[in-house]
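Student: The structure's right below; bear with me while I get my questions together.
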Amino acid sequence: MLRDAWLITRKDLRIEVRSRIALNQIAPFALLMLILFAFALDPDSGVLDRATPGLYWVAVLFSALLAIQRAFALESSDGNRDALRLSGLDPAGIYLGKVLSIATQLALLEVLLGTGVVLLYGSHGGNWLLVIATCVAATAGIAAAGTLYGVLAAGLRVRETLLPLLLLPVLAPVLIGSTRAFEAARSDTIDQGWPWVGLLAVFAVAYMVFGMFGFGPLLEES
Amino acid sequence: MEPAVHLRSAVALIGRFPALAGVDLDVERGEVVLLEGANGAGKTTLLRALAGLVPIVSGEAVVLGHDLRSDRRSVRRHIGLLGHTTMLYDELTVDDNVRFWAKAARTEPVDAEAALVALGLSGRLRHVAVARLSTGQRRRVSIATMVARRPELWLMDEPHAGLDSEARDIVDGLVRQASQSGATVIVASHERGRANALAGRVVTVAGGVSNVA
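Line by line, the protein sequences give chains S and P.
Residue numbers are given in my numbering: position 110 of the first sequence equals residue 111, and the series is strictly consecutive.
Residue numbers are given in my numbering: position 207 of the second sequence equals residue 463, and the series is strictly consecutive.
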């Protein structure tokens, strides 16, 4: 299973490196969102600084939608979905491979957005250990749930519009948990952030387990 | 030895439509069989059903000793399907594509190399992204990915479509080699002359039902 996962991850990341969709389209989209938030919320009023954790994770979520759609668009073109089903690869391995490739792209995007927040908003990260733990748990959760809903939507004709409708409500706990944890990391109440990280980790593990069992039937049926 | 394919009154649905309406078919190991029939007769559906991509809902369906109705995954490991689509990743090179699908099937790297050489893809072409290839070249790569998997059952839907005469001869040679080495080949084709020369037997498909000719 892990061998199959690594095969899929390497293939997906190689495609992304060659196509540069993430670099040329998703990353600029994410940065553009940060700039628009800055236009909408006056940086001098302090509102932007207070809202920074939420804005950061909203930008991550919307960018993640693009990355997930892209990950499954690869498999929808030219009969590749059939080829994947015929490949003999373990469906749980395919799922984990997709999760890892999406998570890798999201992690790079989060670093970029974090740099953007510091430079554009003049924001500071706070407790770095809490920030990093939050990012790891939230990224795993977004990738795990996103991959599961991605394969579900990929088999449908209205996949481009359906995926956000399916996925955004599911990812609401990730948005809430990661935002609260970031707020705690920037304040004096760091201890209040760790329970949110715990919630994010539980979310990620639950979806990971669910995905490993559910991905195969969804790949077959959708 | 049990046949490579054994279908009895096999019914397959696409949605609610019975795309296969009671197919009887036996194919021995090492045999090359040509499926004939008009457009829409059910040839492609039959090949996809044998590959486990279209579920058989009733009747008997045993492929390579595995029951298609209960164990489609085990069958798929041993099957190569050449369909209407090329099943390739446009952004990857010829070499990347063939090696990826060969690794997925757990064959040796030499099998991928041999397939690339056999299809005339061993030169500079192997490092070109598939998106930049012509239709015929893509078809060659698609055939190479199938050959590299070393399948026991070759399912080929219009294998000569889009190919030049050199590539057509290569495909015919590969089919003969596969058959001689014990693999079973089922070909759906409208090119009767070329396909008839390959096949040991012709099966006519009409209205989702097969009849031995």
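C-beta atoms are modelled at their ideal positions from N, C-alpha and C, and glycine is treated no differently.
What are the residues in the stretch 321–344 of chain P lying within 7 Å of chain S by C-beta distance?
Tutor: From the stretch 321–344 of chain P, only R332, R333, I335, L337, G339, T341, T342, M343, L344 have a Cβ closer than 7 Å to chain S.
Student: Could you pull out every residue in the same chain whose Cβ sits closer than 8 Å to the Cβ of S:L149, ignoring the five residues on either side in sequence?
Tutor: Cβ neighbours of S:L149 beyond the five flanking positions: Y96, Y208, F211, G212, G215, F216, L219.
Student: Any beta carbon from chain P within less than 8 Å of S:L15's own beta carbon?
Tutor: In the sequence under discussion, the amino acid at residue 15 of chain S is Arg, which differs from the Leu named in the question. It does; some Cβ of chain P falls within 8 Å.
Student: May I ask you to report which of helix, strand or coil DSSP gives S:E151?
Tutor: In the sequence under discussion, the amino acid at residue 151 of chain S is Gly, which differs from the Glu named in the question. The answer is helix: DSSP assigns S:G151 an H, G or I state.
Student: Taking Cβ positions only, does S:N25 come closer than 8 Å to chain P?
Tutor: So, not an interface residue.
Student: Taking beta-carbon pairs under 8 Å, can you tell me which members of the stretch 73–104 of chain S lie near chain P?
Tutor: Correct list: L75, S78, D79, G80, N81, D83, A84, R86, L87, S88, G89, L90.
Student: Taking all protein chains shown into account, decide if P:S435 is buried (16 or more other Cβ within 10 angstroms of its Cβ) or exposed.
Tutor: So P:S435 counts as buried.
Student: Relative to chain S, which residues along the stretch 346–377 of chain P have a C-beta separation below 9 Å, given in chain order?
Tutor: Answer set for the stretch 346–377 of chain P: D346, E347, L348, T349, D352, F356, W357, K359, A360, A361, R362.
Student: So what's S:E111 in DSSP terms, helix, strand or just coil?
Tutor: The answer is helix: DSSP assigns S:E111 an H, G or I state.
Student: When the cut-off is 8 Å and only beta carbons count, does S:L67 lie next to chain P?
Tutor: No, its Cβ sits nowhere closer than 8 Å to a Cβ of chain P.
Student: According to DSSP, is P:D428 helix, strand or coil?
Tutor: Helix, per DSSP.
Student: Under a Cβ-count criterion, where at least 16 other Cβ atoms within 10 Å of its own Cβ denotes burial, should S:F40 be classed as buried or exposed?
Tutor: That one is exposed.
Student: Measure the C-alpha to C-alpha separation of S:F38 and P:A404 and round it to an integer number of angstroms.
Tutor: S:F38 and P:A404: Cα-Cα distance of roughly 52 Å.
Student: Within a Cβ cutoff of 7 Å, which residues of the same chain sit near P:V468, ignoring the five residues on either side of it in sequence?
Tutor: Caution is warranted here: a pLDDT of 49 is assigned to P:V468, below 50, making its placement in the model unreliable, and no coordinate value can be reported.
Student: At the level of alpha carbons, what is the spacing between P:N295 and P:V461?
Tutor: Looking at the two C-alpha atoms, the distance is approximately 10 Å.
Student: Out of P:G278, P:G286, P:P259, P:I335, state which residue places its alpha-carbon closest to the alpha-carbon of P:S437.
Tutor: Nearest option by C-alpha distance: P:G286.
Student: Considering only C-alpha positions, which residue in the set P:E316, P:L290, P:G336 is nearest to P:R304?
Tutor: For the residues P:E316, P:L290, P:G336, the minimum Cα distance to P:R304 belongs to P:G336.
Student: Where do the N-terminal and C-terminal ends of the beta strand (DSSP E) with P:G278 fall, by residue?
Tutor: Counting along the chain, the beta strand (DSSP E) containing P:G278 begins and ends at 273–283.
Student: Can you pull the chain S neighbours of P:L381, defined as C-beta to C-beta under 8 Å?
Tutor: In chain order: nothing, as chain S lies at least about 17 Å away.
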